[in-house]
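Read the structure below first, then the notes.
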Amino acid sequence: MEELLVLLAAFMAGLLGALIGIGGGVILVPTFTLLLGMDVKVAAATSLASLVATSAISSSAYLRRGLVNLRLAVLLEMVTILGSITGASLALIAPSWLIELMLGVALAYATAAVVFKALRAELPRRVEGLVEHSYYDEALNASISYTCRRLKLTAALSFLAGMLSGMLGIGGGVLKVPILDLVAGLPLKAAVATSSYMIGITASAGSTVYVFKGLIRPYLVALSITGIVLGAKLGTRIMVRLRSKVLRVLLATVLAYYSYRMIIRGLRDYGL
Amino acid sequence: MREAIANTLYMGVLVGLAILWLGLALGSSSLSYVGVLTVVLTPPAALVLAAVHLAREGYVLYSVIALIEVAVIASSLIVGLLSP
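For the record, the sequence lines run as chains A and B.
Under the numbering used here, the first residue of the first sequence is numbered -14, with each subsequent residue one higher.
Under the numbering used here, the first residue of the second sequence is numbered 7, with each subsequent residue one higher.
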């Protein structure tokens, strides 16, 4: 029964990860801790190793379709890794409730912005910028060309996203997708695909340390990856056919959930 | 080249998963960990190919950045291996 639950949770994580470019740890970690009673560190380590699979399976499909902006991913991932290292160091001195509240408010803002953008035109405007890229959108039956706007601000926010990721031990996807979509001005599908690709690199860097600490449970990883592979395969097929507005609604729902959880957690840690 | 990067990502996970299940079936924890490590090291392996791809397209700076990221992951692997 427990195996079936893990497989189901992993399938959902893979599906959601492929659809909106997040890792899926939000599904796996509670499954491991609340349903299987695992220690949170073991759960996080096992989840992180499994999330590499979500990223690899999703981004392999997106790379074939030309959705991943490799140059932008490589550039921003460098900044994210540096932010993650800084965040892990700052976590020792900064009060966690303050970080959680800040993240909660930032995610609430991102939710509102994603919803607001969903109400506007779907096709991205062609604007002057850097790291130009193009891909074929199956849902729109059109070739989409775009550039990255506000690259410096995007890089700075990616550093902050990496910092929060390192401080709170959360996956970066929930922050990366809104940054790429709202700040860099990438079409949502390109943002999801590029974020998917980046998550694998971040998760890989974190997992390598855990492997040798004995915190990863191979049997659970095997079950999780099996579920993730199936979920992500289905998710990538659905994502390329969906219209961006549907993806936005899905993304906004997950962001709102994260925001609510972070604010509640922050207030609880503060003592309220 | 993008196809090669995509294939590396896809096959890396599938091969790692196969080794992982084989290790579990044979009751070999070291083989299981080899499977986990194969999965975990798939993105940096693909990143090396991405660096080559970017260099071929003339984006040498991006290629160097990609290789630095691979070095960072490799160093975290070494830290994990050496730390008690």
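C-beta atoms are modelled at their ideal positions from N, C-alpha and C, and glycine is treated no differently.
Small disclaimer: the values here were computed from a predicted structure and weren't measured.
Buried or exposed: which applies to residue i, given that a residue is buried once 16 or more other Cβ atoms fall within 10 Å of its Cβ?
| i | result |
| --- | --- |
| L257 (chain A) | exposed |
| P50 (chain B) | buried |
| K26 (chain A) | exposed |
| M148 (chain A) | buried |
| L87 (chain B) | exposed |
| K137 (chain A) | exposed |
| R62 (chain B) | exposed |
| Y182 (chain A) | buried |
| L67 (chain B) | exposed |
Using DSSP with H/G/I as helix, E/B as strand and the rest coil, what is residue i?
| i | result |
| --- | --- |
| I5 (chain A) | helix |
| A46 (chain A) | helix |
| D254 (chain A) | helix |
| Y120 (chain A) | strand |
| A79 (chain A) | coil |
| S89 (chain B) | coil |
| Y131 (chain A) | strand |
| L73 (chain B) | helix |
| S34 (chain B) | coil |
| R8 (chain B) | helix |
| A169 (chain A) | coil |
| G216 (chain A) | helix |
| V53 (chain A) | coil |
| I201 (chain A) | coil |
| R246 (chain A) | helix |
| M(-14) (chain A) | coil |
Report the CB separation of residue i from residue j in whole angstroms; it is logged as a contact under 8 Å.
| i | j | result |
| --- | --- | --- |
| L240 (chain A) | P172 (chain A) | Not quite, the Cβ-Cβ distance comes to about 18 Å (not below 8 Å), so this is no contact. |
| A29 (chain A) | V11 (chain A) | The pair is not a contact, with the Cβ atoms about 12 Å apart (cut-off 8 Å). |
| A1 (chain B) | V59 (chain A) | In the structure as shown, chain B starts at 7 and stops at 90, and residue 1 (chain B) therefore has no counterpart that could be examined. |
| T238 (chain A) | T65 (chain A) | Actually they are not in contact, since the Cβ atoms of T238 (chain A) and T65 (chain A) sit about 24 Å apart, beyond 8 Å. |
| G9 (chain A) | G(-1) (chain A) | 7 Å |
| S130 (chain A) | E117 (chain A) | 7 Å |
Can you list the residues of chain A that residue i reaches, using a CB-CB cut of under 9 Å?
| i | result |
| --- | --- |
| R62 (chain B) | Those within 9 Å of R62 (chain B) in chain A number zero; the least Cβ separation is about 12 Å. |
Mind listing the chain A neighbours of residue i? Cutoff is C-beta to C-beta under 8 Å, in chain order.
| i | result |
| --- | --- |
| L26 (chain B) | P203, V206, A207, I210 |
| V66 (chain B) | Here the premise fails: no neighbours, minimum Cβ distance about 12 Å. |
Verify whether the separation of the beta carbon atoms of residue i and residue j is less than 8 Å.
| i | j | result |
| --- | --- | --- |
| V177 (chain A) | I5 (chain A) | yes |
| V40 (chain B) | G33 (chain B) | no |
| A(-5) (chain A) | G216 (chain A) | yes |
| I213 (chain A) | A38 (chain A) | yes |
| G68 (chain A) | L145 (chain A) | yes |
| T44 (chain B) | I25 (chain B) | yes |
| L208 (chain A) | V(-9) (chain A) | yes |
| T139 (chain A) | L61 (chain A) | yes |
| T193 (chain A) | L83 (chain B) | yes |
Could you name the residues of chain B that residue i contacts, counting a contact when the two beta carbons are closer than 8 Å?
| i | result |
| --- | --- |
| I66 (chain A) | E75, V78 |
Which bits of chain B does residue i rub up against, with CB to CB less than 7 Å?
| i | result |
| --- | --- |
| E85 (chain A) | Going along chain B, no residue has its Cβ under 7 Å from E85 (chain A), so there is no contact; the nearest lies around 26 Å. |
| A190 (chain A) | V78, I79, S82 |
Run through chain A and tell me which residues come within less than 7 Å of residue i, C-beta to C-beta.
| i | result |
| --- | --- |
| T48 (chain B) | V37, A41 |
| V42 (chain B) | A34, V196, I201, P203, V206 |
| G33 (chain B) | Near G33 (chain B) there are no residues of chain A at all, since even the closest Cβ is about 11 Å away, more than 7 Å. |
Determine the chain B residues that contact residue i at a beta-carbon separation under 9 Å, and present them in chain order.
| i | result |
| --- | --- |
| L(-11) (chain A) | Result: empty, since nearest Cβ-Cβ is about 17 Å, beyond 9 Å. |
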